[in-house]
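Student: Counting in my numbering, the sequence shown runs from 24 upward without gaps.
Here a beta-carbon is modelled for each residue, glycine too, at the ideal position from N, C-alpha and C.
What you are looking at is a predicted structure, and each value in this text was computed from that prediction instead of being measured.
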Amino acid sequence: PGLGELGGGVVADVGYSRSDCFQRALGINPEDADQWVAFGLAGGGVIDGISYTIHDCYLRALRLRPEHAAAWDLLGVVGGDVVAGVSYGPEDCFVK
Numbered sequence: 024p025g026l027g028e029l030g031g032g033v034v035a036d037v038g039y040s041r042s043d044c045f046q047r048a049l050g051i052n053p054e055d056a057d058q059w060v061a062f063g064l065a066g067g068g069v070i071d072g073i074s075y076t077i078h079d080c081y082l083r084a085l086r087l088r089p090e091h092a093a094a095w096d097l098l099g100v101v102g103g104d105v106v107a108g109v110s111y112g113p114e115d116c117f118v119k
């Protein structure tokens with residue numbers, strides 16, 4: 024597991040929160056759907072000056088990997104949304 028999955032930690036005498044770790048990881052590779060899901064689970068935050076809510080993180084993961092089961096489940100937990108032009112309610116997300 025990465026440092027973010029372990030709840031954060033200290034690297035070279037600098038402390039990083041769980042969210043900090045995912046922000047740094049996504050700053051390096053913003054195309055990693057798994058990291059977007061993890062960032063959402065950590066509460067979201069700001070990357071490159073753009074604020075991402077928990078909801079935004081799951082949507083971003085699904086744009087990158089439409090079949091991402093965990094992202095669908097979590098999107099359902101936060102109420103669903105429009106994905107690729109189709110509206111999904113919570114139940115629809117759980118079925119996906």
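Any idea what DSSP makes of residue 72, helix, strand or coil?
Tutor: Three-state DSSP puts residue 72 in coil, outside helix and strand.
Student: Identify the residues that DSSP records as bridge partners of residue 40: which are they?
Tutor: DSSP lists 31 as partners of residue 40.
Student: Candidates 37, 118, 66: which alpha carbon is nearest residue 91's?
Tutor: If we check each option's Cα against that of residue 91, 118 comes out closest.
Student: Let's test the definition: count the other Cβ atoms within 10 Å of the Cβ of residue 25 and tell me whether it reaches 16, buried, or not, exposed.
Tutor: With fewer than 16 other Cβ atoms within 10 Å, it is exposed.
Student: Hey, out of 88, 107, 28, 40, whose CA is closest to residue 53's CA?
Tutor: Cα-wise, what sits closest to residue 53 is 88.
Student: Within the chosen definition, does the region 64 to 81 reach the region 98 to 112 through at least 3 CB pairs nearer than 8 Å?
Tutor: Taking 8 Å as the limit for Cβ pairs, the verdict is that the region 98 to 112 does touch the region 64 to 81.
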